[in-house]
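A.B. asks: Pasting a structure here, questions to come.
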Amino acid sequence: LFGQMLINIRNRQKWEKQLRLQEEKYRNIIANMNLGLVEVDIDQNILFANQTFSEMSGYSLEQLKGQTIEKLIIPENVRVLPEGADESEQDGIVVSYEISVRDRNNNPHWWFVSEAPNYNDRGQQTGSVFIHLDITGQKNLELELARAKSTAEDAAKSKEIFLANMSHEIRTPLNVIIGMIRELSKQNLGADQRFYVAQSDSAAKHLLTILNHILDMAKIESGELTLEEKDFSVSAVASNAYSILHTQASEKNLDFRIRVDRNLHEAQIGDEGRIRQVLINILGNAIKFTEKGSVEFSVDLVEDSIDEQCIRFSVADTGIGMSEAFLEKLFNKFAQEQSDANRKYEGTGLGMTIAREMVLLMGSEIHIESKKGEGTTITFELRLPKGNASKLRYAAGKIEKDAYSGKHILIVEDNDMNRFIAIQSLHYFGCLVDEATNGREAAEKVKKNNYDLILMDIQMPVMDGLEATLFIRNELKLTTPIVALTANAFRHDIDRYLKAGMDNFVTKPFSEEELFYKIEPFLVQRPVNKSKPEAETMLYDLTTLQELSRGDTNFVNKMVEVFAEQAEKAILELDDALHRKEFQQINKTAHRIKPGIDNMGIKSLTGKIRELELFPIEGDEHERALLLEDVKKTLLAVCDQIRSRS
6 LFGQMLINIR
16 NRQKWEKQLR
26 LQEEKYRNII
36 ANMNLGLVEV
46 DIDQNILFAN
56 QTFSEMSGYS
66 LEQLKGQTIE
76 KLIIPENVRV
86 LPEGADESEQ
96 DGIVVSYEIS
106 VRDRNNNPHW
116 WFVSEAPNYN
126 DRGQQTGSVF
136 IHLDITGQKN
146 LELELARAKS
156 TAEDAAKSKE
166 IFLANMSHEI
176 RTPLNVIIGM
186 IRELSKQNLG
196 ADQRFYVAQS
206 DSAAKHLLTI
216 LNHILDMAKI
226 ESGELTLEEK
236 DFSVSAVASN
246 AYSILHTQAS
256 EKNLDFRIRV
266 DRNLHEAQIG
276 DEGRIRQVLI
286 NILGNAIKFT
296 EKGSVEFSVD
306 LVEDSIDEQC
316 IRFSVADTGI
326 GMSEAFLEKL
336 FNKFAQEQSD
346 ANRKYEGTGL
356 GMTIAREMVL
366 LMGSEIHIES
376 KKGEGTTITF
386 ELRLPKGNAS
396 KLRYAAGKIE
406 KDAYSGKHIL
416 IVEDNDMNRF
426 IAIQSLHYFG
436 CLVDEATNGR
446 EAAEKVKKNN
456 YDLILMDIQM
466 PVMDGLEATL
476 FIRNELKLTT
486 PIVALTANAF
496 RHDIDRYLKA
506 GMDNFVTKPF
516 SEEELFYKIE
526 PFLVQRPVNK
536 SKPEAETMLY
546 DLTTLQELSR
556 GDTNFVNKMV
566 EVFAEQAEKA
576 ILELDDALHR
586 KEFQQINKTA
596 HRIKPGIDNM
606 GIKSLTGKIR
616 ELELFPIEGD
626 EHERALLLED
636 VKKTLLAVCD
646 QIRSRS
C-alpha cells in the first residue's frame with residue numbers, strides 16, 4: 006500500500022510538472038503574442054491577469070486582483086460584434102468582439118476581445134476567460150484610410166463637378182464661335198476673308214478637340230467611358246478617317262495613302278465612333294510629326310471565321326520617330342518628347358493615351374515600333390463580330406437644303422446666340438421654328454401647338470430642361486420627340502436626360518451634320534403621292550370654316566382663296582414695314598390677318614401672330630425680325646398648299 010502511494014505521488018508530481026510546463030508554455034505563447042489574459046469568477050471578479058493585460062490596462066497585478074473589469078476599465082459604449090454574431094450567443098460558447106475603452110491614464114484604446122466560459126471537473130461554469138488584443142494601431146489606420154478615402158472621393162467629386170461646369174461654360178461660347186464661323190463661311194467671301202475664316206474655324210475646332218480629350222480622360226478615370234455595340238462598316242470608318250485628314254496631309258505635301266483589304270465583311274459590330282476617334286488620333290499624330298515623306302494607312306484581315314473577323318489597323322510614317330526612352334512614357338498623360346518652352350509641335354499629349362485606353366476597352370493593345378529620325382509604325386488588332394449590312398445607314402455626303410421642309414420645331418434655349426445659330430440651321434433644313442427661352446415658356450407653347458420635334462436646352466432659368474421634359478411627359482401626356490441640347494458630356498448626365506423622357510441628345514458645340522442626323526429619325530419624310538395632295542402634311546385645318554359654311558363647299562373654297570390673297574398681301578406689307586422700321590404697322594398687319602389665321606386653323610401660327618401683334622414697339626429688333634420671318638415662312642407654305650389644292 007505504501008509503495009502504491011509512493012507510485013501515485015510520483016505520478017502526480019509527474020503530471021503536475023507536465024501541467025506546469027504546459028501552462029508555462031501557453032503562458033509564454035500568450036505573452037509573446039502580446040495577448041492580455043484575464044480569468045474571472047462567476048461574479049466577474051478578477052481571479053488572474055497576466056503581465057501583458059496589466060501593461061494594456063495601466064493597472065498592476067495587485068490592483069487588478071479581486072476587482073471587476075467594468076470598474077477599472079471605462080468602456081466608451083462602443084461594442085462591435087463580429088459580422089453574423091448575436092448577443093444571445095454569449096451563453097456557453099466563445100464570443101469575439103471589438104470594444105473601445107480608456108485605460109487607467111484615460112488613454113483611448115481599441116481591444117479585440119475573445120470571451121469563453123470556464124468549467125470545473127463537474128461541468129459547472131465557474132467563470133470566464135478573456136483574451137485581449139490591442140488593435141488601436143489597426144483602428145487608427147482604418148480611420149486614416151476611411152478619411153483618405155473620403156478625401157479622395159470628395160476630390161474626385163469636386164474634379165467631376167469642376168469638369169462638368171468647365172465643359173458647360175466653355176462649350177456654350179464655343180458653340181457660338183463655331184456656329185458663327187459656319188454661318189460666315191456660307192457668305193460670299195473674298196479669298197483673304199475665306200482664309201481668315203478657315204483659320205478661325207481650324208483654331209476653334211482645335212480648342213474643341215483639346216476639351217474633348219480632357220473630358221475623355223475624366224470619363225476614363227471615372228469608369229464612365231463605355232462602348233456601343235452597333236452595326237457599322239470598318240471600311241467606311243477607315244475611309245472616313247482618311248478623308249478627314251487628307252487635306253491636312255496635302256497641306257504638308259505628304260504622300261498619304263490608304264489600303265483596305267477587300268475581304269473585309271460588309272459590316273461589323275462595335276463602337277463606330279470610338280474606332281474612328283482612335284484612328285483619327287493615330288493618323289493625326291503621324292501627319293503632325295512627319296515633315297516629309299509618307300503616311301501609309303492599312304486595314305488588313307488577319308483571321309476570318311463564321312461569326313467574327315480579326316482586323317489589323319496599321320499606320321506607318323517617315324516622321325521624326327521616337328527614342329526608346331520616350332517610348333516607355335508615350336502613354337503617360339500630357340507626355341511629349343519635346344517638353345521645352347520652344348517645342349515645335351503643339352498639343353496636349355493626350356491623344357495616344359486616350360487611343361490606348363479605348364483599344365484596351367475593346368480587348369486589344371497598341372503596339373509601336375519606332376526609331377529616332379526614321380519613322381514610326383503603330384498597329385492594333387480588333388476582333389469584331391460580323392454585322393448585318395442591311396442595318397447600315399449610309400449618310401448622304403451633303404445635307405440637302407429644305408430636307409425637312411414643313412416640319413414644325415420648338416427650340417428651347419435661354420442663350421440668344423445659341424438659339425440664333427440653331428435656328429439658322431433649322432431654317433436651312435426647311436423647318437418652321439418656334440422659340441422659347443425657358444422650360445415654362447416651352448410648356449405653354451406645347452399646350453397650344455403641335456410640334457414634330459422639341460430641341461431642349463438643359464440649364465435654363467425659371468424651369469430647366471429636365472423639369473420641362475417631365476412636365477410634358479407626365480402632366481401633358483405628350484410623346485412629342487425631345488432632343489436635348491446639352492453642354493454636359495458626361496454619361497451620367499446623358500442617362501438622366503434619357504431617363505426623364507428625352508429621346509436623344511446633341512452635345513454643344515455641334516455641327517450641322519450632327520444636328521441633321523440626330524433629328525433625322527424623328528423627321529423622316531414619308532413619300533407623298535403627288536396624285537393625292539390630301540396625303541401631304543397640311544399646315545391648315547378647314548374644320549372651323551366647314552362648320553361656319555353649314556355644308557356650303559363654295560363658301561369654304563371662296564374663303565380659302567380670299568385668305569390666300571390677304572396672306573400674300575400681308576407678307577409684302579410685313580416685309581416693307583420691317584425694312585422701313587415701321588413697327589406699329591407690323592402690329593396692325595398682324596392684327597388684321599389674325600382672324601383669318603384662326604378661321605383657317607393654322608395652329609402653328611395662333612400663338613405667333615398674337616405675339617407679333619403685341620410685340621413692344623421698343624422691343625428687341627432681332628427677336629422681332631426672327632418672329633416675323635417665321636410667320637412669313639409659314640404663311641408662304643400655307644399659300645403654296647392652297648394653290649396646289651386648287
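Letter 92 of the sequence shown, counting from 1, is numbered 97 in our numbering, and no numbers are missing. Where a beta carbon is used, it is the ideal one built from N, C-alpha and C, also for glycine.
Runs of 3 residues minimum, wholly inside the segment 443-513: which ones carry the beta strand (DSSP E) assignment?
C.D. replies: Entirely contained in the segment 443-513, the beta strand (DSSP E) runs reaching 3 residues are, in chain order, 458-462, 487-491, 509-512.
A.B. asks: At which residues does the alpha helix (DSSP H) containing A121 begin and terminate?
C.D. replies: Counting along the chain, A121 falls outside any alpha helix (DSSP H), though it belongs to the beta strand (DSSP E) covering 113-124.
A.B. asks: For G601, which of helix, strand or coil comes out of DSSP?
C.D. replies: Note: G601 maps to helix in three-state DSSP.
A.B. asks: Return the Cβ separation of L232 and D276 in integer angstroms, given the expectation that the two are a contact with Cβ distance under 8 angstroms.
C.D. replies: That belief holds up - the Cβ atoms of L232 and D276 are roughly 4 angstroms apart, short of 8 angstroms.
A.B. asks: Below 7 angstroms CB to CB, which residues in the same chain sit around F385 once its five sequence neighbours on both sides are set aside?
C.D. replies: Cβ within range, chain order: F318, V364, S369, E370, I371, H372.
A.B. asks: So, I607 versus L544, is the Cβ gap smaller than 8 angstroms?
C.D. replies: Closer than 8 angstroms, so yes.
A.B. asks: Could you tell me the distance, in whole angstroms, from the CA atom of F167 to the CA atom of A209?
C.D. replies: If you take the alpha carbons of F167 and A209, they lie about 22 angstroms apart.
A.B. asks: Buried or exposed for R25, going by 16 or more other Cβ atoms inside 10 Å?
C.D. replies: That one is exposed.
A.B. asks: What do you get for I14, buried or exposed, if any count of 16 or more other CB atoms within 10 angstroms of its CB means buried?
C.D. replies: Flag for I14 reads exposed.
A.B. asks: Helix, strand or coil for Q130, going by three-state DSSP, please let me know.
C.D. replies: In this structure, Q130 counts as strand in the three-state DSSP scheme.
A.B. asks: Within 8 angstroms (strictly less), CB to CB, does A291 reach chain C?
C.D. replies: No chain C appears in the structure shown, which is made up of a single protein chain.
A.B. asks: Is the beta carbon of F302 less than 8 angstroms from the beta carbon of R262?
C.D. replies: Result yes, Cβ atoms of F302 and R262 sit closer than 8 angstroms.
A.B. asks: If distances are taken between C-alpha atoms only, which option among A630, P526, L42 comes closest to I428?
C.D. replies: It is A630 whose Cα lies nearest to the Cα of I428.
A.B. asks: So, at 7 angstroms on beta carbons, what are the nonlocal neighbours of T295 in its own chain, with the 5 sequence-adjacent residues on each side left out?
C.D. replies: If we look at T295 and ignore the five residues flanking it on each side, its Cβ neighbours are L259, D322, T323, G324.
A.B. asks: Could you tell me the distance, in whole angstroms, from the CA atom of I182 to the CA atom of D206?
C.D. replies: So the alpha carbons of these two residues sit roughly 9 angstroms apart.
A.B. asks: Look at the alpha carbon of A203 and the alpha carbon of D305, and state the distance between them as a whole number of angstroms.
C.D. replies: So the two alpha carbons sit approximately 35 angstroms from each other.
A.B. asks: Which residues share a DSSP beta bridge with V300?
C.D. replies: According to DSSP, which records beta bridges pairwise, V300 is partnered with F261, D322.
A.B. asks: Less than 8 angstroms between C-beta atoms, sequence neighbours within five positions excluded: which residues of the same chain meet that for I292?
C.D. replies: So the qualifying residues of the chain are L250, Q253, A254, K257, L259, F261, V300, D322.
A.B. asks: Count the other C-beta atoms from every protein chain shown that fall within 10 angstroms of the C-beta of D645, then say buried if there are 16 or more, exposed otherwise.
C.D. replies: Exposed, since its Cβ has fewer than 16 Cβ neighbours within 10 Å.
A.B. asks: Which of the three DSSP states, helix, strand or coil, is assigned to A340?
C.D. replies: Below a pLDDT of 50, predicted positions are generally treated as unreliable, and A340, at 48, falls in that range; the measurement from the model is reported next regardless. Three-state result, A340: coil.
A.B. asks: Can you tell me whether DSSP reads E271 as helix, strand or coil?
C.D. replies: In the structure shown, E271 sits in coil (DSSP, three-state: anything other than H, G, I, E or B).
A.B. asks: Nearest-angstrom Cα distance between K504 and D457?
C.D. replies: Rounded to whole angstroms, K504 to D457 spans 21 angstroms at the Cα level.
A.B. asks: Excluding the 5 residues preceding and the 5 following N82 in the sequence, name in chain order all residues of the same chain whose CB lies nearer than 7 angstroms to its CB.
C.D. replies: Here the model assigns N82 a pLDDT of 49, short of 50, so the residue's position is not dependable and the matter cannot be decided.
A.B. asks: Would you decide whether M10 is buried or exposed? Buried here means 16 or more other CB atoms lie within 10 Å of its CB.
C.D. replies: Classification for M10: exposed.
A.B. asks: Could you pull out every residue in the same chain whose Cβ sits closer than 6 angstroms to the Cβ of L483, ignoring the five residues on either side in sequence?
C.D. replies: So the qualifying residues of the chain are I477.
A.B. asks: Please determine if the segment 633-641 and the segment 575-589 are in contact, where contact requires at least 3 C-beta pairs separated by less than 8 angstroms.
C.D. replies: Flag = yes, the segment 633-641 and the segment 575-589 touch.
A.B. asks: Do you know how far the Cα of V99 is from the Cα of R127?
C.D. replies: Answer to the nearest angstrom: the Cα atoms are 20 angstroms apart.
A.B. asks: State the DSSP-derived secondary structure class of Q192, mapped to helix, strand or coil.
C.D. replies: Three-state DSSP puts Q192 in coil, outside helix and strand.
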